[in-house]
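Residue numbering for the sequence shown follows our numbering, beginning at 147 and increasing consecutively.
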Amino acid sequence: MKRALVIQLTRFGDLVQTKRLVLTLQQRGFKVHICIDSSLEGLARIIYPACEIHPLIAHGSGIEGQGKDTVLPVNYKIFKQLSEIDFNEIYNLNFSAMNYALSSMFDPQKVKGHKRINGQVMKESWFELGFRLATERRNNINLVDYWAALSPDMIPADQVNPVASSGGKGIGVVLAGRESRRSLPYDVLAPLVMSVRSTIKNKNIFLLGSKAERDAGRKLMSKFPASVADSTVNLAGETDWKGLVEAVTGLDLVITPDTGTMHLAAHLGVPVLGFFLSSAWCTETGPYGEGHTILQSDIDCAPCMEAAPCYYDLKCLAPFKDSATARYLATRKPEHLPKGISIFESGCDFLGTQFIHKAGNDPSGERRQRLRKFIGCHLGLIDIGEHGPFPNLAEKFYKDKDWITA
């Protein structure tokens with residue numbers, strides 16, 4: 147039996163976003179093994195039941211309650227297990243020290259993605275190109291497709307996640323993202339939730355988040371009308387991975403910033419209504435598959451890095467404070483949309499998931515479509531004779547070393 151190892155040592159959302167690659171490898175006849183951080187083991191076993199899961203301690207300081215002395219014995223055991231398996235292909239998706247250490251255990255010819263050869267850190271040629279493409283974040287491809295394209299014969303994008311459809315259970319509201327600047331403050335979020343609620347038959351609201359967001363849930367509920375607050379269920383900190391999957395399954399809609407729960411909803415076929423401030427860009431990290439809607443902050447300083455200081459007083463937040471945004475969510479009429487927000491809806495094409503502009507401003511839309519065709523031709527997905535040539539894009543994104551050192 148052919149075996150493939152996927153090394154994915156980052157966050158909740160990234161684990162879900164590895165799905166197209168995993169499905170592609172399974173379609174190619176591989177038994178897929180996934181190496182993850184131990185904190186995500188329960189989720190990985192739910193999302194990828196046919197895969198072998200190898201949990202190690204990549205983050206934190208050891209097994210909870212047992213301290214840092216547990217890191218080495220736990221990780222040594224996993225390293226030993228992996229070294230004894232004859233993998234045909236290894237997909238190393240991240241560039242952390244732990245990822246490089248793991249990749250060094252295997253024949254570099256078998257490692258795809260990030261690797262170390264004779265002590266030198268190297269990237270697959272596709273990843274080299276991907277890093278260059280990332281300089282145009284407004285026009286970049288979805289992270290799911292970036293990882294999946296490491297493998298030939300990608301499974302069609304529309305076969306990755308179900309087409310999103312309402313399940314009749316009510317509304318899920320994700321309280322915060324990993325970075326606070328990706329999330330709307332509760333006093334801004336509350337009227338938007340109320341507007342959406344007015345359009346949904348089942349009025350139940352479920353607040354989703356970690357234990358750290360439980361107080362934020364209480365503050366959000368304090369901004370709801372009393373009758374709505376009384377019927378809202380604050381699940382923040384109350385669910386394990388299985389419980390979170392059960393809570394999200396069957397919802398009519400999940401309202402969320404760019405979060406792992408957003409990607410879980412897409413995996414489950416639950417429609418996403420995403421509020422993306424300027425540090426999150428839907429073309430890069432939006433929900434995968436058909437049937438999702440993003441309100442994308444679109445201002446002159448966007449996109450930015452959420453970890454960098456903001457010198458513009460978070461002006462990307464201002465359009466979400468505008469009462470016109472709440473009105474738009476109730477009516478979905480473009481004329482009600484305030485300046486500074488653009489509407490995108492997700493769909494699938496030859497390359498993967500794309501976000502189709504529906505309202506607001508989209509100055510780079512034409513270039514984004516051109517760039518998608520350039521990437522599609524590069525990957526052999528479409529015919530360059532029909533869609534090319536791309537002299538300006540090739541000059542920008544191709545480098546001499548791509549063929550000199552190949």
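C-beta atoms are modelled at their ideal positions from N, C-alpha and C, and glycine is treated no differently.
Alpha carbon of residue i to alpha carbon of residue j, nearest angstrom
i	j	result
valine 342	tyrosine 474	10 angstroms
tryptophan 293	lysine 258	10 angstroms
lysine 467	lysine 461	10 angstroms
histidine 482	threonine 471	7 angstroms
alanine 393	aspartate 548	47 angstroms
leucine 218	alanine 247	13 angstroms
lysine 347	lysine 369	21 angstroms
arginine 360	valine 379	11 angstroms
threonine 499	serine 492	7 angstroms
asparagine 350	glycine 316	5 angstroms
methionine 367	valine 339	11 angstroms
aspartate 446	glycine 313	38 angstroms
serine 329	arginine 364	16 angstroms
glycine 206	isoleucine 193	23 angstroms
arginine 191	glycine 265	34 angstroms
isoleucine 489	proline 449	16 angstroms
serine 250	leucine 441	42 angstroms
arginine 554	glutamate 541	The chain is shown from 147 up to 552; residue 554 falls before or after that span and cannot be answered.
alanine 295	proline 371	48 angstroms
aspartate 299	glycine 526	10 angstroms
arginine 157	proline 331	23 angstroms
methionine 268	aspartate 444	35 angstroms
valine 319	threonine 407	10 angstroms
phenylalanine 501	leucine 151	30 angstroms
serine 344	proline 337	11 angstroms
asparagine 538	glycine 389	50 angstroms
proline 308	leucine 228	33 angstroms
alanine 382	phenylalanine 352	9 angstroms
leucine 419	proline 480	16 angstroms
valine 391	glutamine 173	25 angstroms
Residue(s) in a DSSP beta bridge with residue i
i	result
glutamate 481	Partner(s): none; glutamate 481 has no beta bridge.
isoleucine 182	Pro201
alanine 150	Val178 and Glu235
lysine 258	Tyr237
isoleucine 491	The amino acid at residue 491 is misidentified as isoleucine; the sequence shows glutamate. Its beta-bridge partners are Thr439 and Ile502.
methionine 268	Lys261
glycine 314	Bridge partners of glycine 314: none, in fact.
asparagine 380	Leu353
valine 400	Gly318 and Val418
Selected residue, minimal CA-CA separation from residue i, among the options
i	options	result
glycine 511	Ser249, Lys223, Val416 and Thr429	Thr429
tryptophan 144	Ala150, Val168, Met251 and Ser184	What the structure shows of the chain is the stretch from 147 to 552, and residue 144 is not part of that stretch, so it cannot be assessed.
proline 455	Ile502, Pro433, Arg327 and Met408	Arg327
valine 168	Glu274, Met340 and Ile180	Ile180
isoleucine 153	Ala196, Asp215, Val220 and Phe225	Phe225
phenylalanine 496	Gly522, Ser488, Pro509 and Leu155	Gly522
glutamate 235	Gln163, Gly534 and Leu171	Leu171
glycine 175	Gly188, Phe233 and Leu189	Phe233
glycine 486	Glu270, Val162, Ala476 and Ala464	Ala464
phenylalanine 543	Val267, Trp272, Pro254 and Leu189	Trp272
aspartate 253	Met244, Ser242, Ala243 and Asn238	Asn238
alanine 204	Glu198, Pro195, Thr216 and Cys197	Thr216
glutamine 255	Glu270, Glu384 and His409	Glu270
leucine 155	Ser249, Asn240, Arg513 and Pro403	Asn240
lysine 165	Pro417, Gly531 and Leu410	Leu410
alanine 310	Asp546, Val391, Gly415 and Gly506	Gly415
glycine 276	Asp546, His524 and Pro537	His524
methionine 244	Glu230, Gln227, Arg262 and Ile231	Arg262
valine 290	Ala412, Thr385, Lys357 and Leu354	Ala412
glycine 506	Pro484, Leu151 and Ile530	Pro484
aspartate 160	Thr345, Leu353, Ala336 and Thr405	Thr405
lysine 357	Asp333, Val334, Val391 and Ala322	Ala322
leucine 354	Thr385, Cys494, Ile550 and Leu335	Thr385
lysine 177	Lys148, Gln163, Ile199 and Leu186	Lys148
CB contact check: residue i to chain C, cutoff 7 angstroms
i	result
glycine 511	Among the protein chains of the structure shown there is no chain C, as only one such chain exists.
Distance cut-off 6 angstroms: residue i Cβ against heavy atoms of the ligand PLP
i	result
glycine 531	With respect to the ligand PLP, the structure offers nothing, as it holds no ligand at all.
Practice problem: Would you be able to state if there are at least three C-beta pairs under 8 angstroms between the segment 510 to 520 and the segment 266 to 286? | Solution: yes
Practice problem: Taking 8 angstroms as the threshold, find out whether the segment 432 to 450 comes into contact with the segment 297 to 309 through three or more Cβ pairs. | Solution: With contact defined as three or more Cβ pairs closer than 8 angstroms, the segment 432 to 450 and the segment 297 to 309 are in contact.
Quiz item: Is there contact between the segment 409 to 425 and the segment 375 to 385, where contact requires at least three CB pairs shorter than 8 angstroms?
Solution: Taking 8 angstroms as the limit for Cβ pairs, the verdict is that the segment 375 to 385 does not touch the segment 409 to 425.
Self-check item: Entirely enclosed alpha helix (DSSP H) segments - the segment 446 to 482, minimum 4 residues
Solution: 464 to 467 and 469 to 477
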